[in-house]
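**Student:**
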Amino acid sequence: MDFAAIRAKAEQAASAARTQLQRPSPPSRYTSSTSAAPPSHRPPLAAAAAAAPPPPSRRTAPSNAATQADKDALFSALDEFFSSRLGIQIQPPAPAPAPAPARPQVAPKPARRRTPIAVPVPEAAKQPAPVAPAPTLSSGPPPISRATRPQLSPALAPPASRPDRSYPPAETHSSAALSLLHWLLDPPNLSSILTTSAVPFFLPPPASPSPQPPPLENRSDVRSAYSWLQRGDAKSYVGCFLFGDASIAWIRISWNATAEARGPTALLRGGQVQREGRYRPRPRIEHDWDAERLYRASETYGPRIVRFAQDALARGVPVARGECWDLANEALAACEAESVGGASNKPFPSIARTHGALLYYARAGTGEVVGTWTGGDVYVRPGDIVEWRSVTIREVGMAPGSYSTLGDPEHTAIIVAAGAPLTLPRFDPSGRQPPFLDTAYPLSSLVSLTVVEQSRGYAPSEKTYDLAAMSKGEVWIYRPCGLRDLVGVDEVAAKWPPEVQCWQVGELE
Numbered sequence: 001m002d003f004a005a006i007r008a009k010a011e012q013a014a015s016a017a018r019t020q021l022q023r024p025s026p027p028s029r030y031t032s033s034t035s036a037a038p039p040s041h042r043p044p045l046a047a048a049a050a051a052a053p054p055p056p057s058r059r060t061a062p063s064n065a066a067t068q069a070d071k072d073a074l075f076s077a078l079d080e081f082f083s084s085r086l087g088i089q090i091q092p093p094a095p096a097p098a099p100a101p102a103r104p105q106v107a108p109k110p111a112r113r114r115t116p117i118a119v120p121v122p123e124a125a126k127q128p129a130p131v132a133p134a135p136t137l138s139s140g141p142p143p144i145s146r147a148t149r150p151q152l153s154p155a156l157a158p159p160a161s162r163p164d165r166s167y168p169p170a171e172t173h174s175s176a177a178l179s180l181l182h183w184l185l186d187p188p189n190l191s192s193i194l195t196t197s198a199v200p201f202f203l204p205p206p207a208s209p210s211p212q213p214p215p216l217e218n219r220s221d222v223r224s225a226y227s228w229l230q231r232g233d234a235k236s237y238v239g240c241f242l243f244g245d246a247s248i249a250w251i252r253i254s255w256n257a258t259a260e261a262r263g264p265t266a267l268l269r270g271g272q273v274q275r276e277g278r279y280r281p282r283p284r285i286e287h288d289w290d291a292e293r294l295y296r297a298s299e300t301y302g303p304r305i306v307r308f309a310q311d312a313l314a315r316g317v318p319v320a321r322g323e324c325w326d327l328a329n330e331a332l333a334a335c336e337a338e339s340v341g342g343a344s345n346k347p348f349p350s351i352a353r354t355h356g357a358l359l360y361y362a363r364a365g366t367g368e369v370v371g372t373w374t375g376g377d378v379y380v381r382p383g384d385i386v387e388w389r390s391v392t393i394r395e396v397g398m399a400p401g402s403y404s405t406l407g408d409p410e411h412t413a414i415i416v417a418a419g420a421p422l423t424l425p426r427f428d429p430s431g432r433q434p435p436f437l438d439t440a441y442p443l444s445s446l447v448s449l450t451v452v453e454q455s456r457g458y459a460p461s462e463k464t465y466d467l468a469a470m471s472k473g474e475v476w477i478y479r480p481c482g483l484r485d486l487v488g489v490d491e492v493a494a495k496w497p498p499e500v501q502c503w504q505v506g507e508l509e
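The numbers in UniProt numbering rise by one with no breaks, and the one at position 364 of the sequence shown is 364.
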């Protein structure tokens, strides 16, 4: 056997294997972003590619060490390598039958030839690397049968209200939308819940002073739309309500004009009013929003929001009424006016203290400030929006002992730069909790935030806050994103039936 030819082929195969193993796969947009403009971050832990193993040693075995075991090891290694790379199973050849005994001959003096080396196959080549699933682009939970109304397991149930947070408001059910539907549909008749108003809210103007259901009259965390329809004697009211927790509800109330003519009391108690409701629950950021999805939202809306803030800073004139909230609200309105996310995906609007998908929340107490990170993107990015509530904190460069108070009680600002984090959020791969959730992420790990902010009587200004110095209050960080991406609708519209997948009371509870 020509050992020189075998060695040459083995070296070619080993060189091809090393080249293939060391060739980097095309990085995702999210991974690429971590090495782009400041802050310069490392790739996310979950997405970082494993380092290629060092190349095998090229030390040559002594020329007189050629044995049948060496050749068997070589061919076995090559079989394993090509089986793993080509996805086929290579069976070793059957052993050749023993040759018939021959007359003894005197063996010639062997020529001095180099012995082929046995090429070690790296473990990475033996076991193909796992392929991460493609990011989900679904805009909502999967459809379920209306007939069976199955109950979700606790792991998939919508998140409950958080009484430990001052915002969003605590609810009687898992979302503001579902709380509204239970208020409307649970009582046996409407008269028991409309005792505070002489005229039912659903009657068309000018009969009713407000089309808003009574539980929502004093709430600022809701955007609403209404419509009325009359066909002959049949009348109906349709309301659509988008809440600050990003849940949405639709209600329809139907009655007849004859019953209405007898007065509100007769209308409500005569069994002539029919009530219906549908809803979509809170989005599950910690379950469904991976790094790619959140990064795509940042790339879509972030640059325009930062440019809006910088333009306001350069003009030196308060935006809108001059309130801090107006700066974020008008920045998102500018994105909508310019169709930044496309005509079919306008940005989620500022609703009370909500400005998109919630990334991080923390509340100061005793000791280190530790908060909850939700979502797969492990970085705060320019264009994100921060909400402060009664916060005591230091600006970078302040004299020792000095501090600022943010919020009376709330304060809104646009983030234009973020310090590189000291540590990244850690997600639990065991499946015992949502895949994109870290409930013990220190606020100090975010280091600092540079923001553009304004307040009544003061023009927009830029400041940098030392997050490790926050000693009082609450902080929320939001990622602006598309309304359809977050809620599943193109607009807040009073249409019945709703034109998107939605659920009734008793489903998803």
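Don't be surprised by glycine CBs; every beta carbon is placed ideally from N, CA and C.
Counting along the chain, where does the alpha helix (DSSP H) carrying Trp496 start and finish?
**Tutor:** Sequence index remark: in the sequence shown, residue 496 carries index 496 (1-based). Per DSSP, Trp496 belongs to no alpha helix (DSSP H) and is neither H nor E.
**Student:** Quick one: residues in its chain with C-beta nearer than 6 Å to the C-beta of Val447, no 5 flanking neighbours on either side, listed in chain order?
**Tutor:** Here the question's residue 447 lines up with position 447 in the sequence shown. The residues are Gly419.
**Student:** Val452 and Ile414 look like a contact to me (Cβ under 8 Å); what is the Cβ gap, rounded to whole Å?
**Tutor:** Position 452 of the sequence shown, counted from the first residue, corresponds to residue 452. Position 414 of the sequence shown, counted from the first residue, corresponds to residue 414. Confirmed, about 5 Å.
**Student:** Does DSSP put Cys481 in a helix, in a strand, or in coil?
**Tutor:** Residue numbering aside, residue 481 sits at position 481 when the sequence shown is read from its first letter. It is coil, neither helix nor strand.
**Student:** Specify, as a first and last residue, the run of the beta strand (DSSP E) that Cys240 falls within.
**Tutor:** For this step, residue 240 is matched to residue 240 along the sequence shown. Unbroken beta strand (DSSP E) run through Cys240: 234-243.
**Student:** So the beta strand (DSSP E) Ile414 belongs to, where does it begin and stop?
**Tutor:** Counted from its first residue, the sequence shown places residue 414 at position 414. Run containing Ile414: 404-418, per the beta strand (DSSP E) assignment.
**Student:** Starting from Ser444 and walking both ways along the alpha helix (DSSP H), at which residues does that stretch end?
**Tutor:** Stepping through the sequence shown from its first residue, residue 444 is reached at position 444. Ser444 -> no alpha helix (DSSP H), and no H or E assigned at all.
**Student:** Between the beta-carbon of Arg456 and the beta-carbon of Arg315, is there less than 9 Å?
**Tutor:** Here residue 456 refers to the residue found at position 456 when the sequence shown is read from its first residue. Here residue 315 refers to the residue found at position 315 when the sequence shown is read from its first residue. No, Cβ-Cβ distance for Arg456 and Arg315 is not below 9 Å.
**Student:** Which runs of the beta strand (DSSP E), 3 residues or longer, sit entirely within the stretch 334-393?
**Tutor:** List check, beta strand (DSSP E) in window: 357-363, 370-374.
**Student:** By DSSP's criteria, Asp466 is part of a beta bridge. Which residues make up the other side?
**Tutor:** Walking along the sequence shown from the start, residue 466 turns up at place 466. Arg394, Ser448, per the DSSP bridge assignment.
**Student:** Specify the secondary structure class of Trp183 as computed by DSSP and reduced to three states.
**Tutor:** Taking the first residue of the sequence shown as 1, we reach residue 183 at position 183. Of the three classes helix, strand and coil, the one that applies to Trp183 here is helix, per DSSP.
**Student:** What residue does the alpha helix (DSSP H) around Ile193 start on, and which one ends it?
**Tutor:** In the sequence shown, counting from the first residue as 1, residue 193 sits at position 193. Segment: none, Ile193 is in no alpha helix (DSSP H) and carries neither H nor E.
**Student:** Please report the distance separating the alpha-carbon of Thr374 from that of Ala176.
**Tutor:** Translated into positions along the sequence shown, residue 374 becomes position 374. Translated into positions along the sequence shown, residue 176 becomes position 176. Near 20 Å, if we compare the C-alpha coordinates of Ala176 and Thr374.
**Student:** In whole angstroms, what is the alpha-carbon distance linking Val319 and Pro204?
**Tutor:** Working through the sequence shown from its first residue, we reach residue 319 at position 319. Working through the sequence shown from its first residue, we reach residue 204 at position 204. Those two C-alpha atoms are separated by around 36 Å.
**Student:** What's the gap between the Cα of Ile393 and the Cα of Pro480?
**Tutor:** By one-based count along the sequence shown, residue 393 stands at place 393. By one-based count along the sequence shown, residue 480 stands at place 480. Going by the C-alpha atoms only, they are around 25 Å apart.
**Student:** Quick one: what does DSSP say Ala225 is sitting in, helix, strand or coil?
**Tutor:** Reading the sequence shown from its first residue, position 225 is the one you call residue 225. It is a strand residue.
**Student:** Glu299 lies in the alpha helix (DSSP H); which residues open and close that run?
**Tutor:** Working through the sequence shown from its first residue, we reach residue 299 at position 299. Residues 291-315.
**Student:** Return helix, strand or coil for Val475, following the three-state DSSP convention.
**Tutor:** Counting from 1 along the sequence shown, the entry for residue 475 is found at position 475. Note: Val475 maps to strand in three-state DSSP.
**Student:** Any idea what DSSP makes of Gly506, helix, strand or coil?
**Tutor:** Taking the first residue of the sequence shown as 1, we reach residue 506 at position 506. Correct three-state label for Gly506: coil.
**Student:** Let's see if you can read the secondary structure: which residues bound the beta strand (DSSP E) around Arg252?
**Tutor:** Numbered from 1 along the sequence shown, position 252 holds the residue referred to as residue 252. Its beta strand (DSSP E) spans residues 248-256.
**Student:** Within a Cβ cutoff of 7 Å, which residues of the same chain sit near Ala493, ignoring the five residues on either side of it in sequence?
**Tutor:** Within the sequence shown, residue 493 is the residue found at index 493, counting from 1. Closer than 7 Å at Cβ, skipping near neighbours: Ala225, Cys240.
**Student:** Three-state secondary structure (DSSP) at Ala459?
**Tutor:** As a first step, residue 459 is located in the sequence shown; it is residue number 459 there, counting from the start. In this structure, Ala459 counts as strand in the three-state DSSP scheme.
**Student:** Determine whether the beta carbon atoms of Val222 and Phe243 lie at a separation below 9 Å.
**Tutor:** Here the question's residue 222 lines up with position 222 in the sequence shown. Here the question's residue 243 lines up with position 243 in the sequence shown. Yes, these two residues count as a Cβ contact at 9 Å.
**Student:** Since I believe Pro281 is in contact with Ser174 (beta carbons under 8 Å), could you give me their beta-carbon distance rounded to a whole number of angstroms?
**Tutor:** Translated into the one-based positions of the sequence shown, residue 174 becomes position 174. Translated into the one-based positions of the sequence shown, residue 281 becomes position 281. With 8 Å as the limit, Ser174 and Pro281 qualify as a contact, their Cβ atoms being about 7 Å apart.
**Student:** Just to check, is the beta-carbon of Arg280 closer than 8 Å to a non-hydrogen atom of the ligand HEM?
**Tutor:** As far as ligands go, the structure on display features none, and thus does not contain the ligand HEM.
**Student:** Classify Pro44 as helix, strand or coil using the three-state DSSP reduction.
**Tutor:** As a working mapping, residue 44 is identified with position 44 in the sequence shown. Residue placement at Pro44 is flagged as unreliable, the pLDDT there being 39, under the threshold of 50; the coordinate-derived value follows with that caveat. Looking at Pro44 - three-state DSSP - the assignment turns out to be coil, as it is neither helix nor strand.
**Student:** Three or more beta-carbon pairs under 8 Å between the stretch 289-307 and the stretch 376-383, yes or no?
**Tutor:** Cβ pair count under 8 Å is three or more, so yes.
**Student:** Following the continuous beta strand (DSSP E) through Arg280, name the residue where it begins and the one where it ends.
**Tutor:** Position 280 of the sequence shown, counted from the start, is the residue given in the question as residue 280. Residues 274-280.
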